[in-house]
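Novice: Before I ask anything, here is the structure I am working with.
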Amino acid sequence: MTAIYDCSVDSQLLTGMRLARGAIGRGELVVIPTDTVYGVAADAFDAKAVARLLEAKGRERTSPPPVLIPGLPTLDALASEVPTAVRDLVAEFWPGGLTVILRAQPSLQWDLGETRGTVALRMPANPIALELLSETGPLAVSSANLSGMPSATTAAAAEAMLGESVAVYLDGGDAGSGYEAIGERPGDTSSTIVDATGLTESGGVLRIVRAGVISRERIAAVVGEALLAPEGAPAETAPAEDAAAEDAAAEDAAAETAAAETEADGSPAAEASDDAEAGTTAS
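Residue numbers (my numbering): 231 to 513.
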């Protein structure tokens, strides 16, 4: 059984971080706490590690993971263009619960899946995650759960779903406790995902792909309502958006099944939640 390292204990934090760095370097998976939910992480530039992440979650290449980054310089390194509105948003909400979909630098030597040239980026507000990111560089991170199951908000919940497919579990306490659960489903503390790829075109707008812990009202207060697409406006989706929609549909179905089981035998209903992170298809 893979060990869980309690990062509130100095000796376990040091050991866990050392082993996590080593695991990432070997192309293995690590579960880390973030400010929203727990995420399962892999080296973003190791195609085999990313494929291992998708396999562990039970996802296809059509649902590429988001990428967690340690700071703003990495945003400029990974995105081909960062519109002014995005800079304003990340200045307000990073580190924190906002994931931004942008066009990726075409020269990047990575394979996150079928991204169609986009990448979902977030800087998490969690010291353990940020310390690891500062040492490993960008990590592909998806919520630490099996696809269709509720996102894990504890290391133990992540381990119960992912088991020995993960080399190291870092326990940073309950995730998401610093946010109001205002996402699309009850108890949802996943990040808000915004698609900013349209802003690179004349007259383009910012679209909220997934409602999460950062409300539309707070986003509009930064960029202006005129720059936001109307709620429910149809548009072609990017891969990161497809992943969010896939998780939402699967988790809604799981919640409905659990509710039906509750009516039948009195068992507790599963909490509905989103992908992290990722994304989230962001944490």
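Cβ coordinates follow ideal geometry from the N, Cα and C atoms, glycine included.
As the structure is a prediction and not an experimental result, all values here were calculated from the model.
(1) Name the two residues that bound the continuous beta strand (DSSP E) containing A253.
(2) Is it the case that the Cβ atoms of T422 and L328 are separated by a distance below 8 Å?
(3) Have a look at F323, S420 and L360 and flag the residue whose alpha-carbon is nearest the alpha-carbon of A450.
(4) Are D236 and D404 close, meaning C-beta to C-beta below 8 Å?
(5) By the three-class DSSP mapping on this structure, what secondary structure does S364 have?
(6) With C-beta atoms as the reference, is E344 less than 8 Å away from P294?
(7) By the three-class DSSP mapping on this structure, what secondary structure does A397 have?
(8) Please report the Cβ distance between L342 and V312, rounded to the nearest whole angstrom; I am assuming they are in contact, meaning their Cβ atoms lie under 8 Å.
(9) State the beta-bridge partners of R333 as determined by DSSP.
(10) Have a look at R448 and G408 and give me their C-alpha separation to the nearest angstrom.
(11) Under 8 Å by Cβ, that's how I've got I418 and G442 pegged, so tell me the actual separation to the nearest angstrom.
(12) With 16 as the cutoff for other CB atoms within 10 Å, does P514 come out buried or exposed?
(13) Tell me the DSSP secondary structure of L338 in three-state form.
Specialist: With the given structure in hand:
(1) Segment D240 to G255 is the alpha helix (DSSP H) holding A253; no beta strand (DSSP E) there.
(2) yes
(3) F323
(4) no
(5) helix
(6) yes
(7) coil
(8) Not quite, the Cβ-Cβ distance comes to about 19 Å (not below 8 Å), so this is no contact.
(9) T348
(10) 16 Å
(11) According to the sequence displayed, residue 418 carries Asp and not Ile. That pair is a contact at about 7 Å.
(12) Only positions 231 to 513 of the chain appear in this structure, which leaves residue 514 out of reach.
(13) coil
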